Amino acid sequence: MKSFLGMLVFSNLGKSIWHGNSVVLAIIVAGSLFCWGASSAWASGFALMQQGTAAMGQGNAFVAEANDASAIFYNPAGLNQIKRTQVYQGSFFNYPDREYSGGGQDSQTNHRLYRSLTAYIAIPVHDRLALGLGFFSPFGMGTVWPPTWAGRYITTFSSLHTYNLNPVMSVKVLDNLSLAAGFDVLWSKVRLKRKFPVVVRGKAFPDGETEFTGQGSGVGYNLGLHYEPLTGVKLGVAYRSQIKVNHRGGFTSSPPAPLPGGIATSAEGAIVYPPSLTMGIAYSRFKPFTFEFDTTWTGWSSYSKQKVNLDIPLTPNGVTTLTNPKNWHDAWAFRFGANYEVNEWVKLRAGYIYDLTPVPNTSFDPQVPDANRHIFTVGKDLKIMRFTLGIAYNYILSESRTKNNTIVTNGVPATLQANGRYNSDVHSLGLSWSFQF
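In this note's numbering, the protein residues as written are -13 to 423.
Right under this line is the structure:
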């Protein structure tokens, strides 16, 4: 399936044959080079756009509608449409399936259910001012390949968790125009594993394993605009800044039995989470229908390379910096959505998304098996007194993609490249409830 964060992944320095007391050093060098990568998120790259069931049910085309508390994520300027304090909580479940075929081998990622949560509170202070507080996961990743698959020297396990606290303020500067601003405090945690080959004095041993874990935090900001030039016609614009997070943690390299030694050291690597700009229009003059079209630009070119700094050198010549080129490019997504108000208690939603990948052919890899995506969405809202219950389903189908390149770290190719065909899809379910005081 998709791709989740740019995280550290180690690329191999090639087969190493060492003698005598150099066994430990051979293990370190053969399997220690990590680089940041991403794999399997539910929007382009490793972004997570599923932050509210109303948006999710109509193709995440919501920046101009933005009429519930999840507007804190999609467009905080929409909060001025809410007339009473509202609390909102959502749960999202993603079930990805990724497959590889190449060189006479077939592999599939382990089936796992990934979960993320959102929580919002929107408070209309008066007709001209609304405040909001959101807690959500804007980026994420999770991929588990079999320990013996063809790409095990590039990746076997990767995970990314992010948590963002986002206070916002929206001001109605005109009767039909609202402006909003907020700031973001983002915390993220990564964990990555891969295998490495071990050859000592011409004898091949079982694979060793390297692992990196790290966590860190960063800050950013977001802006929003909501404008209704005509009754039933709404325009929305939302911007989120890039956020740089330095992840500080540990790196280990473990040899196979019966070889002694190994290495454990502190390590540091940065991720620059990209900026994004979303623009959209909602049209509701054909009651009871509302139609919306959004387009999102994401500045993935911030992910040009990744560097990992280690506290101790890995090789006799003092290598302490591991660099892996990415060269991602900015990408666009196009979102179409509609909802139908059956009555004042029930609303049906549907949509479609065409999501372009930011990953070029030259750096496409199995930890980031990202491709252009077709996303089909449906959803429903049910109002019960002051409660609103929401449900949404997405089917995310990635276009088939072939890897035919060479993944390198510090200019050195990995031992096995896992070139071949990659396919993926994801089933995604969202559930939410909100209460209006």
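C-beta atoms are modelled at their ideal positions from N, C-alpha and C, and glycine is treated no differently. Here the structure is a predicted model, which is why all the values come from computation and not from measurement.
Asked                                                                                                                                                                         : Found
Using alpha carbons as the reference points, say which of F272, N162 and M127 lies closest to R114.                                                                           : N162
Would you list, in sequence order, the uninterrupted alpha helix (DSSP H) runs of no fewer than 4 residues that lie entirely inside the segment 98 to 163?                    : none
Between the C-alpha atoms of H5 and Y381, what's the straight-line distance to the nearest angstrom?                                                                          : For H5, the predicted structure reports a pLDDT of 33, less than 50, and the residue's modelled location is therefore unreliable. The matter cannot be settled from this model.
Classify M371 as helix, strand or coil using the three-state DSSP reduction.                                                                                                  : coil
Can you check DSSP and say which residues form a bridge with P192?                                                                                                            : In the DSSP output, where bridge partners are listed per residue, P192 has none listed.
Could you tell me which of V305, N61, A55 and I107 sits nearest to G222, measuring between CA atoms?                                                                          : N61
How far does the beta strand (DSSP E) with I229 in it reach, from first residue to last?                                                                                      : I229 to S240
What are the uninterrupted segments assigned as beta strand (DSSP E) that are 3 or more residues long and contained completely in the segment 24 to 97, given in chain order? : 72 to 88 and 91 to 94
How close, in whole Å, do the beta carbons of K181 and D193 come, if the pair is a contact with beta carbons under 8 Å?                                                       : 4 Å
Inspect the beta-carbon positions of S145 and L103 and report whether they are closer than 8 Å.                                                                               : no
So, for S349: in the same chain, excluding its five sequence neighbours on each side, which residues have a beta-carbon less than 8 Å away from its beta-carbon?              : P311, K312, N313, W314, N391 and I393
Classify E197 as buried or exposed, calling it buried when 16 or more other Cβ atoms lie within 10 Å of its own Cβ.                                                           : buried
With DSSP as the reference, please indicate the residues paired to F277 in a beta bridge.                                                                                     : Y269 and A324
Could you tell me if I298 is buried or exposed, where buried requires 16 or more neighbouring beta carbons within 10 angstroms of its beta carbon?                            : exposed
So, under 8 Å CB-CB, G38 and S56 are touching, yes? Tell me the CB distance rounded to an integer number of Å.                                                                : 3 Å
By Cβ distance below 6 Å, which residues in the same chain neighbour F143 in space, the five residues on each side in sequence not counted?                                   : V130 and K179
Please report the straight-line C-alpha distance between A400 and Y139, rounded to a whole angstrom.                                                                          : 7 Å
Looking only at its chain, what residues have a beta carbon closer than 8 Å to the beta carbon of S227, apart from the 5 residues adjacent to it on each side?                : D170, G206, Y207, N208 and P261
Checking the sheet assignment: what are the DSSP bridge partners for L342?                                                                                                    : None; L342 has no bridge partner.
Are the beta-carbon atoms belonging to M42 and G266 less than 8 Å from one another?                                                                                           : no
When you compare the CB positions of A47 and E214, do they come within less than 8 Å of one another, or not?                                                                  : no
Just the C-alpha distance for S18 and S239, rounded to the nearest angstrom, thanks.                                                                                          : With a pLDDT of only 35 at S18, under the threshold of 50, the placement of this residue in the model should not be trusted; the figure read from the coordinates follows. If I take the Cα positions, the gap works out to 6 Å.
Quick one: Cα of T199 to Cα of N152, how far?                                                                                                                                 : 25 Å
Can you tell me whether Y259 is buried or exposed? The criterion is at least 16 other CB atoms within 10 Å of its CB, across all chains shown.                                : buried
In the DSSP assignment, what are the bridge partners of A253?                                                                                                                 : G235 and L296
When you compare the CB positions of A166 and K220, do they come within less than 8 Å of one another, or not?                                                                 : no
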